[in-house]
Amino acid sequence: MILLRLYWEFLLIGLFSVGGGMATVPFLFDLSARTGWFSQADLANMIAVSEATPGPIGVNMATYVGSVTAGVPGGIVAPLGLVTPAFLAILLVARVLMTVWKNPRVQGLFYALRPASVGLIAAAGFTVCAVSLFTRTGTGVDFHWSSIALFAAMLVLMNLPKLKDKVPAIAYVAIAAVCGVVFRMTD
Amino acid sequence: MATNWELFTSFARISASTFGGGYAMLPFFRQELVRKRGWLTDEELLDLNAVAQCTPGVIAVNTATFCGYRTKGLAGAVFATLGELVPPILIVLVISAFFWSFAENPWVRHALVGVRACVCALILSSAAKLFKKAVLDVPTFLVFAVVFVLAAFVGVTPALLVAGSGLFGLALYQLRKGGRT
Numbered sequence: 000m001i002l003l004r005l006y007w008e009f010l011l012i013g014l015f016s017v018g019g020g021m022a023t024v025p026f027l028f029d030l031s032a033r034t035g036w037f038s039q040a041d042l043a044n045m046i047a048v049s050e051a052t053p054g055p056i057g058v059n060m061a062t063y064v065g066s067v068t069a070g071v072p073g074g075i076v077a078p079l080g081l082v083t084p085a086f087l088a089i090l091l092v093a094r095v096l097m098t099v100w101k102n103p104r105v106q107g108l109f110y111a112l113r114p115a116s117v118g119l120i121a122a123a124g125f126t127v128c129a130v131s132l133f134t135r136t137g138t139g140v141d142f143h144w145s146s147i148a149l150f151a152a153m154l155v156l157m158n159l160p161k162l163k164d165k166v167p168a169i170a171y172v173a174i175a176a177v178c179g180v181v182f183r184m185t186d
Numbered sequence: 000m001a002t003n004w005e006l007f008t009s010f011a012r013i014s015a016s017t018f019g020g021g022y023a024m025l026p027f028f029r030q031e032l033v034r035k036r037g038w039l040t041d042e043e044l045l046d047l048n049a050v051a052q053c054t055p056g057v058i059a060v061n062t063a064t065f066c067g068y069r070t071k072g073l074a075g076a077v078f079a080t081l082g083e084l085v086p087p088i089l090i091v092l093v094i095s096a097f098f099w100s101f102a103e104n105p106w107v108r109h110a111l112v113g114v115r116a117c118v119c120a121l122i123l124s125s126a127a128k129l130f131k132k133a134v135l136d137v138p139t140f141l142v143f144a145v146v147f148v149l150a151a152f153v154g155v156t157p158a159l160l161v162a163g164s165g166l167f168g169l170a171l172y173q174l175r176k177g178g179r180t
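Chains as they are written, first to last, in numbering that gives the first Met the number 0: chain A, 0 to 186; chain B, 0 to 180.
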């Protein structure tokens with residue numbers, strides 16, 4: 000019975016959280032308060048684990064909440080619930096879009112959506128940089144010099160004409176993780 | 000043409016190699032789907048990203064569903080979505096069962112600080128490459144600049160920005176069509 004409820008609760012979260020993984024966090028706080036399945040301290044731990052493991056954050060959190068609440072079956076049912084509404088919505092949107100994609104009016108729409116999409120990506124990059132490379136303190140700005148150095152080195156490395164688009168992105172991530180451990184980087 | 004199994008493994012690989020979700024996946028999507036497999040063009044990836052922003056749910060999963068459906072229909076959508084889901088579910092299940100203090104481990108924390116600096120560089124690099132494909136003239140630069148400022152400094156919801164840009168695009172299309180006749 001708890002599995003059905005888990006599925007349903009996460010289906011609702013998936014339906015109402017527009018804008019990706021972190022958008023689910025406020026809903027999870029609400030779920031914790033209403034059901035008592037997990038505490039708010041658990042939730043803080045879950046966010047940390049979700050960020051420390053590969054995969055979409057929303058899926059990681061749903062799996063973690065599900066497994067804390069109802070073991071391995073819960074850990075499978077909760078993320079499935081989370082993606083069910085989006086899966087159906089995307090099928091519908093994809094069906095419609097694929098039939099009208101070549102329509103000049105739709106092309107006019109995407110002509111403006113593409114730069115918007117790049118703007119959102121650049122804004123996300125900017126926000127991640129701001130969080131990772133600086134901290135705002137009471138008196139000014141604290142620079143994370145080791146992070147800034149690694150960021151700059153990575154940016155140069157991945158844009159070297161010889162390496163550009165030839166080295167898989169995961170290789171850079173692996174190098175950065177090793178640097179983090181070797182230099183005991185903190186923020 | 001892609002097989003269902005190729006869709007599954009491609010998305011599983013993307014999902015297993017990205018930390019931080021959402022936008023951190025974009026460089027990996029681009030590498031695997033555009034450059035390696037040729038299932039999408041850069042322009043289509045941007046279209047998908049815009050659509051995934053304003054549909055409910057997890058952006059990376061939405062992109063997987065959409066790409067799977069586009070290449071292989073309903074079965075493709077199912078396989079791509081499962082590919083995106085299976086690795087994180089397995090990893091988190093193992094970690095939550097055996098490594099309760101995983102996130103507090105100092106080694107993990109040092110490594111993640113490094114990874115985050117790298118993810119910054121990856122996102123900015125892909126944004127720069129995609130910029131060239133999407134910002135073609137004055138109106139598209141305006142859309143880019145307005146969306147960037149509103150998203151980065153004002154914190155406007157992405158769905159709203161996408162909807163606004165779409166309306167702008169439609170209005171511009173009508174205007175240009177009107178000008179021509």
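Beta carbons: idealized from backbone N, C-alpha and C, even for Gly.
- A straight-line Cα-Cα distance of about 57 Å links L174/B and F182/A.
- Considering only beta carbons, the part of the region 1-19 of chain B lying closer than 9 Å to chain A consists of R12, S14, A15, S16, T17, F18, G19, in chain order.
- By the rule that beta-carbons nearer than 8 Å mark a contact, T40/B does not touch chain A.
- When the Cα atoms are used, A115/A and K101/A turn out to be separated by approximately 20 Å.
- Between the region 84-99 of chain B and the region 66-80 of chain A there are three or more inter-stretch CB-CB distances shorter than 8 Å, so the stretches are counted as touching.
- Sequence-distant Cβ neighbours of F37/A in its own chain, meaning closer than 7 Å and more than five residues away, are S31, V64, V67, T68.
- Non-local beta-carbon contacts of P78/A in its own chain, meaning distances under 6 Å to residues more than five positions away in sequence, involve V58, A61, T62 in chain order.
- Around the C-beta of Q106/A, fewer than 16 other C-beta atoms lie within 10 Å, and the residue is accordingly described as exposed.
- Between F10/B and E83/B, the beta carbon gap of about 4 Å places them in contact (Cβ cut-off 8 Å).
- One Cα belongs to P53/A, the other to A111/A, and the distance between them is close to 32 Å.
- Between the C-alpha atoms of F167/B and F109/A there is a straight-line separation of about 10 Å.
- Interface with chain B (8 Å Cβ-Cβ cutoff): V127/A is included.
- For D141/A, the enclosing beta strand (DSSP E) starts and ends at 140-142.
- Annotation for T134/A: the continuous beta strand (DSSP E) segment containing it runs 133-135.
- The shortest C-alpha to C-alpha distance from F130/B to any of G37/B, L32/B, E42/B, L169/B is the one to E42/B.
- Cβ contact annotation for S131/A (same chain, cutoff 8 Å, sequence separation greater than five): H143, S146, F150, D186, in chain order.
- Against chain A, the CB of A59/B has a partner CB under 8 Å away; the residue lies at that interface.
- With a 10 Å radius around the Cβ and a threshold of 16 neighbouring Cβ atoms, G113/B comes out buried.
- The three-state reading of DSSP puts F9/A in helix, counting H, G and I together.
- Q39/A: member of the alpha helix (DSSP H) spanning 39-51, first to last residue.
- Burial is judged here by how many other beta carbons sit within 10 angstroms of a residue's own beta carbon; R135/A has fewer than 16 and is exposed.
- About 6 Å separates the CB atoms of A168/A and L121/B; that is less than 8 Å, so the two are in contact.
- Going by DSSP, A88/A is part of the alpha helix (DSSP H) stretching over 56-99.
- The beta-carbon of A69/A is placed no less than 8 Å from the nearest beta-carbon of chain B.
- Under the three-state reduction of DSSP output, P55/B falls in the strand class.
- DSSP places K131/B in the uninterrupted alpha helix (DSSP H) bounded by 105-133.
- Going by C-alpha positions, F28/A is about 25 Å away from A151/B.
- DSSP places F18/B within a strand segment (E or B) once states are collapsed to three.
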